[in-house]
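Numbering (our numbering), first residue to last: 1272 to 1482.
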């Protein structure tokens, strides 16, 4: 049976499914292992992605993509101003689709007394973010049991093709060095590297010029 093609997500139910996919995909990610250590790691991941996915589902400058038959999901932000999503979410007054909890408040609750260290790391990521108008790939992931079948690349293709048609670049930060070759194959090149939390976490900044 031919898998259903990927599509954008707008409903709360579908955004919850996307959040679950991304939580599973990022369960072993080095950055998120540093961000949410200990036995509460997976629960924190679920809450993190639930917040971001719910907010993205109702925002005009964000797109959630889901390939339901292939267990893949992605979160993109369209060109808008100069602020990366970390700042946009923290500044949002209505949180995740009307939630009373802002992104900043959620992070503070999840990391506890490590909040200053985490905010410093987020500030470094925001400061490195490119200012040229572009599509920002905040996340893409596939459930571990379905990885290695090319679904992530297929999921990203519609927005990358839109970038090329509109003459826009795409930008991302890879939080796992294992994924850098995957992005290379999609046309991304390394434009910077960030060492965070005194070496406890790192990010690879990557840019894809339009073709």
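C-beta: ideal position from N, C-alpha, C; glycine also.
(Q) Please report the distance separating the alpha-carbon of residue 1494 from that of residue 1413. (A) Limits of the chain in this structure are 1272 at one end and 1482 at the other, which puts residue 1494 out of reach.
Q | Close Cβ partners of residue 1423 (< 6 Å) along its chain, the five nearest in sequence each way excluded | A | 1343, 1411 and 1413
Q | Alpha-carbon to alpha-carbon, residue 1313 and residue 1300 | A | 11 Å
Q. Who are residue 1476's beta bridge partners in DSSP?
A. 1444 and 1463
(Q) So, for residue 1294: in the same chain, excluding its five sequence neighbours on each side, which residues have a beta-carbon less than 6 Å away from its beta-carbon? (A) 1316, 1317 and 1320
Q. In chain order, what residues of the same chain lie with their CB nearer than 6 Å to the CB of residue 1333, ignoring the 5 residues before and after it?
A. 1327 and 1348
**Q.** Helix, strand or coil at residue 1471 [DSSP, three-state]
**A.** coil
Q: Enumerate in chain order the residues of its own chain whose CB-to-CB distance from residue 1305 is below 7 Å, with the five nearest sequence positions on each side excluded.
A: 1468, 1471 and 1472
Q. Residue 1349 by DSSP, collapsed to three states: which one?
A. coil
Q: With 8 Å as the threshold, decide whether the Cβ of residue 1386 is near any Cβ in chain D.
A: In the displayed structure, chain D is absent; only one protein chain is listed.
Q: Helix, strand or coil for residue 1363, going by three-state DSSP, please let me know.
A: No answer about residue 1363 holds up, because its pLDDT of 42 lies below 50 and its placement is not dependable.
Q: State the Cα-Cα distance for the pair residue 1432 and residue 1452, rounded to the nearest angstrom.
A: 20 Å
Q.
Just verifying my parser: in three-state terms, what is the DSSP assignment at residue 1413?
A. strand
(Q) Suppose the cutoff is 7 Å on Cβ atoms and the five residues either side in sequence are ignored; what does the same chain contact list for residue 1289 look like? (A) 1280, 1324, 1335, 1337 and 1344
Q: Taking only the alpha-carbon atoms, compute the straight-line gap between residue 1435 and residue 1322 and give it to the nearest angstrom.
A: 30 Å
Q) Which stretch, first to last residue, makes up the alpha helix (DSSP H) that contains residue 1431? A) 1422 to 1437
Q: Determine the closest residue to residue 1416 out of 1296, 1399 and 1287, with distance taken between C-alpha atoms.
A: 1296
Q: Pull up the CB-CB distance for residue 1466 and residue 1448, whole angstroms please, since I reckon it's below 8 Å.
A: The Cβ separation is near 12 Å, so there is no contact.
Q) Taking just the CA atoms, how far does residue 1386 sit from residue 1464? A) 23 Å
Q. Using the C-alpha atoms, what's the distance from residue 1396 back to residue 1284?
A. 30 Å
Q) Across which residues does DSSP place residue 1343 in a beta bridge pair? A) 1338 and 1413
Q.
Counting C-beta neighbours from all protein chains within 10 Å, is the total for residue 1455 16 or more, i.e. buried, or is it exposed?
A. exposed
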